[in-house]
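Residue numbers (this note's numbering), protein chains in the order written: chain A, 2 to 326; chain B, 81 to 330; chain C, 688 to 982; chain D, 108 to 337; chain E, 31 to 413. We put the CB at the ideal spot given by N, CA and C, even for glycine. Owing to the predicted nature of the structure, the values given are computational and were not obtained by experimental measurement.
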Amino acid sequence: MSTQSTVHGRSGLGTPTPAVIPGAVLWAAALLLAVLAPFALYPVFLMKVLCFALFACAFNLLIGFAGLMSFGHAAFFGGAAYVTAHAAKVWALPPEFAILAGVGTATLLGLVFGALAIRRQGIYFAMITLALSQMVFFLALQLPFTGGEDGIQGVPRGRLFGLVDLTDPLAMYYAVLALFLSGFLVIRRAVHSPFGQVLKAIRENEPRAVSLGYRTERYKLLAFVLSASLAGLAGSVKALVFQLATLTDVTWQMSGEVVLMTLLGGMGTLLGPVVGAALVVALESYLAETSLPVPVVIGAIFVFCVLLFRKGIVGEIAGILKRRA
Amino acid sequence: MAEIVLEARDLSKEFKGFTAVKGVNLQVRRGTIHALIGPNGAGKSTVFNLITRFLPPTRGRILYKGRDITRARPADVARMGLVRSFQISAVFPHLSVLENVRVALQRPLGTSFHFWKPEASLHGLHERARDLIDAVNLAAWADRAAVELPYGRKRALEIATTLALDPEVMLLDEPLAGMGHEDIGHTAALIRRVAAGRTVLMVEHNLSVVADLSDTITVLRRGEVLAEGPYDTVSRDPEVREAYMGAGHG
Amino acid sequence: MFEFLGIPPQALFGQLLLGLINGSFYALLSLGLAVIFGMLNVVNMAHGAFYMIGAFVAWLLLAHAGIGYWWALVLAPLAVGALGLVLERTMLRRLYKVDHLYGLLLTFGLALIFEGAFRHQFGVSGQPYPTPELLRGGSNLGFMVLPVYRGWVVVFSAMVCLGTWFAIERTRLGAYLRAATENPVLVQAFGINVPVMVSLTYGFGVALAGLAGVLAAPIYQVNPLMGSNLIIVVFAVVVIGGMGSILGAIVTGLSLGLLEGLTKLLYPEAANIVVFVIMAVVLVIKPAGLFGRER
Amino acid sequence: MLEIADLHGFYGESHVLHGVSLEVRRGEVVTLLGRNGAGKTTTMRAIMGILPKRTGAIRFRGAELVGMAPHRIPRLGIGYVPEERGIFASLSVDENLTLPPVVRDGGMTVEQIHALFPNLKGRGATQGTRLSGGEQQMLAIARVLRTGADLILLDEPTEGLAPVIIEQIGVAVRALKERGFTIVLVEQNFRFAATIADRHYVMEAGRVVDMIPNHRLHASMDKLHDYLGV
Amino acid sequence: QPAAVSDGVVRVGVIEDMSGVFASITGQGAVTAAAMAIEEFGGKVLGLPVELLHADHQNKADIGAATARKWFDEDKVDAILDVATSSPALAVLEIAKAKKKILTLSSPGSMRITNEACGPYVAHWAYDSYAVAHGTGNTLVKQGLDSWYFVTADYAFGHSLEKDAGDFVTASGGKVLGSIRHPVGTNDFASALLQVQASKAKVVALANAGGDTMNAIKQATEFGLTDGGQRLAALAGMINDVHGLGLLGARGLIITEAVYWDMNDETRAWSQRFFQRVKAMPNMLQAGVYSSVRHYLRAVQAAGTDETDAVMRKMREIPVNDVFFKNGYIRKDGRMVHDMHLFEVKQPSDSKGPWDYYRLINTIPAEEAFQPLSTSRCPLVKN
Ligand SMILES: Nc1ncnc2c1ncn2[C@@H]1O[C@H](COP(=O)(O)OP(=O)(O)OP(=O)(O)O)[C@@H](O)[C@H]1O
Ligand SMILES: Nc1ncnc2c1ncn2[C@@H]1O[C@H](COP(=O)(O)OP(=O)(O)OP(=O)(O)O)[C@@H](O)[C@H]1O
Ligand SMILES: [Mg+2]
Ligand SMILES: [Mg+2]
């Protein structure tokens, strides 16, 4: 087993990693930190970070490991949020089923989007996903159940498995943490699975992968659907945390935001999106209290990253570590 | 006469009114090395792409082991044992040499969609992968990223990867293009070695290698078959000399 | 009196005419996008922002310098084009060697900056821009009152589109452009200053957006977010028409405007999404777009 | 007319030319011979200024080309016919033909060009890349003749062409020489080169290793075999 | 008894649209109005400082909700005394109910606030869609304008405006011919207007607000609606819209508002001070914010604490009396009941200058102005 601290997956197989023990310690420390965090920081803020971190990780699965840049992931995030909110509020489903309904919707959407979008690559792919997600935006605006501009409000958090009362902020936090971790682990595993190997091969050289007998569209589609489902999970959880689902979650600016998080943290690294999401969410909540215009600052970071910092924080650090090694 | 393993019947391809391949009939016998030559733009690569289903033909049929594969998907063609290489080197640059070969070995396992399985489930393939890597003299490079290989070694890796699929028919598109003299000799020998027990269809400009390796040669010109036969016959054909070889060869 | 699918002809012609007006904007904007994409391989996400800036320049000229519509029609595109030129020289240029996606991301960032800055400065409630004296009033077409100004928009943008199409497809300059799209290095080796041409192309493409902005100012409020949603529709138009095709951009822009108008009559709920549905259908049938070449 | 001294050329990190020196006199036909990858094409690209990085000296009629903006170089009167021909698919034959701007007086008229390459006559509206390979090659050469450039760089004009067409191109090159054009030719096919050139430079691994005047070619056959491995 | 005030500060907040379509009718004006109320108390109540927080929700419900949540959880805010726009307001309302905090709303007009969504600590202050629809609807139908077509903003407030006005029209024998919905912040009303024009409805009722209303009126003129004899009714029109359009564009509009700056000396004096700071005259939303903040502070004073239950009890006990609202009271469903006024926008020739826009045509007494309790769907009313 290769246990690497940076999990870039590009270094050779079987090379003994000197960072095995520090890596494990690092993970444990991070977990401990996550468990203790709500006693020091505002839990809702932390939950928001976790939701967006999961969202960014899901997005990153597609761009970083399948080489497909979706500019429409808000559709899955927001779509799932709406369905979860509706399920919890109107159908009065318990939270676990409400989340399941949201994730299911995102998966279906992912299937449809994916089937259409993987016909093209690169910028075309980005534009198609963007346009399709805009369609979901308009649907969210017009469908009767979404509440138009009002969104769905006052969503009950309910009791998880009939046991845990999620109205308690701490309980909610640990539930979110658990969901985030399971999402994160799924992604981590997927990246290092037989499937992940094929995906990497496709990203590197698609015609060659085809000539080896892989039906690459199916792999790309599965990656897309997986990514959509996990983005949906993030959206569903967010709907329960904030007890509402609104248009903001399905706008294309939201799709752009998740790109920024991933770019800032480092595309194609496992931890990058988490770092990026934490940073962006923290920055936004800090900026909200200053008179600085948020979009301008976010846009400036975008431009900065694209021009000078394309590997992102984690990517750069990994690069430095690699050079020293 | 040996069995025909691959056959093209009246194969044509038009690109927006421009006919790149015109009624080509091609029969490849099992166990032979069959070369496809012709001037640039004669349609060699196009024929290749048609046979491996990377391009849909405008007209004509392709038969593989007697089965019509004209409408099959490229990936399926590969699964049936008809595997191609590319004119420009085709490796997975940021995978290691071992992983490059393993990707090819992994498909028959049937776990390629299993995103929940650990990578370790693939380790059973390493032994066979290393054997193949040895076979093309790449053992020293096994753990290096493919991008770091010199050009000729990449071609060797590509052949190892192709062999990993244990193909019945290998299609090689200019396997020697861009190689230095040393590499050419080495690779030609490799092709001869791996061709044992298989069928090879290759496009190649290097006439001396073609002469040396191939049992049958088909000459294309402007999308049409100009001549076919063993090297000696073909190279004496005045039309072939005029269209392709010129006064200098043969 | 004939009816079409049970719709009175008044309504039909009226909505179609409105569709044509929207289509004019789609065409102008997607034309600029197509020109830029063709030359630079950049999906200009900031196109909507430039459209907005064009409108704002017109408004600022009027509000602060008393310079009216007709001058704005010249000055605003120039200003927007100059801004585009600077951005291309200082930023976009550095990205041609890396994945084209970075061009998209950069321009997305720029769009955020511009829209955010204008929003910060002017709010989003919108600034009124008066219709120019000469084009006030309406002309009664029998089935509807067509505001003269909107008629002018259709005619003028059709002229601009045709002019651009002619310049690119039928002139030497256009030949340079098309050639440089294929092989910039070689065109440079013929003695043509390709980097300048690329900058100018970007400048021209965004100037078209700026021009559309000026045209839009008297119809809609001048508003920092006026381009941000419009632009996605325009992207869909470009995907349907085929990326990089000039004619495709113009024809698809106009026809989708019409189609949208028609949908507003037949099934108004779907008006906003009809473009996207068509995009999905086109993708299934002809992935390269109606006029596009597979690259 | 053209003088190259200690030219170094790079593609990114890789150092490809290691001090190329050669000179070309007015009215001459000079070939660059050498194996694949010897740096012949790169030398031409360096002259045209379309190599990412180069150092050394390239003087053309006294003007220093190293450091000059790439689009200014052709305007001094240098025409370039690239290895891959570079016919534009989105342009018609006529558009391809008239694409390079006229840079000096004395260029050929379209009629003269048609006289030289009869194959191009009447094909003006055809899409450039629909022409056969040989015709494309003719078009690529014709294209620079119009511009008035009197130094013409031809990169492998015979590659992959049927001998008939090679012959035709040979005729054209000789005709150009008679008109006073100076020509630098990259050739693999040195049989062809021998029929038209005055002198041959031999390149190996990014350097000029030898210069053979055409009349000594036969005497130098053994040496050439060594250099080129033919 | 200062000890009764949590952490020694009385913190109140308002969440407004500072830069969006509703910025001119809420925005800085609303914040200033709140500040003016606090200043009247010398910035102190019960001897302790009063702190005013304000935030911009950018018209997004989730930002509004997140702000409210954080204010209550982290920043120890005691009451939120206005949230602009229905969607964020309803989101904040849910949070305030859950956290048992006082919420008064002046800017949003949705009827849900005092019906389905009502809460024991929620008061709806300046107006609601029933009140304005009632005022304008009644007047126009009485003039014989009995066929209506709605252009409705697609959110809670728009829907409730349309419904309430529609109910009046049908109840008084008129007919609703149809309605078209549009998203908030629409640029182009052309195709909606075309449809409305074709319907030949006598009244084109704009069930939207702020920038949308202005845009719609402007374009209606462009397409010759009014020249064709159709009458425009801006159901939630406000003085700022009139100012934005100019009298030429807005003349003859019927507008129902709770306040007008030029009613009497008292309103003129206050409004002039407001004008000094905001460069605009107050509308009913901003006056409502002033009124509700002032009332809240009086209740804190009377209760001697900032504890929610005690303050709310006092708020219901004490009548609302200030510059703009006389003898108002908070009903069981949270509605603050007061008079409404019906204005007609003056002809340009009748106006003495900027902001001299309204002519009072009628005052609707408090008892008639609002939805009767008997038809309320508020659960609090039944018990
Ligand atoms: N996608 C395409 N669209 C239009 N024409 C094409 C396309 N692909 C190939 N052609 C044309 O078809 C002809 C045959 O091309 P092909 O690549 O098969 O030649 P080839 O014999 O393999 O040449 P080479 O020796 O250079 O590889 C050429 O004239 C080429 O221009
Ligand atoms: N774009 C490039 N990037 C990096 N290396 C390059 C590039 N183009 C050529 N090279 C390398 O530069 C060296 C010289 O190439 P060049 O094309 O000049 O050779 P040549 O003599 O023209 O060969 P040929 O006969 O094949 O045309 C070769 O080693 C080649 O691999
Ligand atoms: Mg070369
Ligand atoms: Mg307190």
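Taking alanine 75(A) as reference, the option from Gly123(A), Ala141(A), Arg120(A) and Leu101(A) with the minimal CA-CA separation is Ala141(A). Shown in chain order are the members of the region 244–262 of chain A whose Cβ falls below 9 angstroms from a Cβ of chain E: Gln244, Leu245, Ala246, Thr247, Leu248, Thr249 and Asp250.
Bounds of the beta strand (DSSP E) holding asparagine 392(E) are 388–394.
Following the DSSP letters along the chain, one finds glutamine 107(B) inside the beta strand (DSSP E) bounded by residues 98–109. With contacts defined by Cβ atoms closer than 8 angstroms, alanine 229(A) and glycine 148(A) do not form a contacting pair. For serine 192(B), at least one C-beta of chain A is nearer than 8 angstroms to its own C-beta.
Under the three-state reduction of DSSP output, arginine 164(B) falls in the strand class.
When CB distances to chain C are screened at a threshold of 8 angstroms, the residues of the region 198–226 of chain E falling below it are Ile210, Gly215, Asn217, Asp218, Ala220, Ser221, Leu224 and Gln225, in chain order. DSSP, reduced to helix, strand and coil, places leucine 281(B) within a strand of the structure shown.
Within the region 132–153 of chain A, the residues whose Cβ lies closer than 7 angstroms to any Cβ of chain E are, in chain order, Leu142, Gly149, Glu150, Asp151 and Gly152. Annotated three-state conformation of glutamine 814(C) is strand, per DSSP. Against chain A, the beta carbon of tyrosine 185(E) has neighbours under 8 angstroms at Gly149, Glu150 and Asp151, listed in chain order. For glutamine 697(C), the nearest beta carbon of chain E is closer than 8 angstroms to its own beta carbon. Each of Glu130(D), Val136(D) and Met151(D) was checked against the Cα of leucine 124(D), and the nearest Cα belongs to Met151(D). Ranked by Cα distance from isoleucine 394(E), the options Gly240(E), Tyr160(E), Gln331(E) and Gly334(E) are led by Tyr160(E).
Assignment of glutamate 254(B) by DSSP, reduced to helix, strand and coil, places it in the coil class.
Taking 8 angstroms as the cut-off, the beta carbon of alanine 904(C) is found no closer than this to the beta carbon of alanine 798(C). Residue-level contact check: methionine 155(D) touches chain C, since one or more beta carbons of chain C fall below 8 angstroms from its beta carbon. Not one beta carbon of chain C lies nearer than 8 angstroms to the beta carbon of arginine 211(D). Judged by DSSP in its simplified three-state form, alanine 35(A) adopts helix. Using a Cβ distance threshold of 8 angstroms, alanine 220(E) and leucine 705(C) count as a contacting pair. At a cut-off of 8 angstroms between beta carbons, histidine 178(D) contacts chain C. In the three-state reduction of the DSSP assignment, phenylalanine 77(A) falls in the helix class. Valine 113(E) and leucine 135(E) have their C-alpha atoms roughly 6 angstroms apart. Listed by position along chain D, the residues whose Cβ is nearer than 9 angstroms to that of glycine 935(C) form an empty set, because the closest Cβ is around 14 angstroms away. Here tryptophan 253(A) is buried: its Cβ has 16 or more other Cβ atoms, across all protein chains shown, within 10 Å.
Lysine 90(E) is positioned such that its CB atom lies closer than 8 angstroms to that of threonine 247(A).
Contiguous alpha helix (DSSP H) elements confined to the region 127–210 of chain D occur at 147–155 and 200–205, taking only those with 4 or more residues.
For lysine 193(E), no beta strand (DSSP E) run applies; the uninterrupted alpha helix (DSSP H) run containing it begins and ends at 186–201, by DSSP. Listed by position along chain A, the residues whose Cβ is nearer than 8 angstroms to that of alanine 215(B) form an empty set, because the closest Cβ is around 18 angstroms away.
Using beta-carbon distances, asparagine 728(C) does not count as an interface residue toward chain D, since no partner is under 8 angstroms. DSSP places glycine 43(E) in the strand class (E or B) of the three-state scheme. Put simply, the CB of tyrosine 889(C) is far from chain A, with every gap to its CB atoms at 8 angstroms or more. Sequence-distant Cβ neighbours of arginine 278(B) in its own chain, meaning closer than 8 angstroms and more than five residues away, are Gly111, Pro247, Glu248, Val249 and Met250. Ranked by how close their Cα comes to the Cα of asparagine 916(C), the residues Ala172(A), Val211(A) and Gln135(A) have Gln135(A) in first place.
Following the DSSP letters along the chain, one finds asparagine 827(C) inside the beta strand (DSSP E) bounded by residues 825–827.
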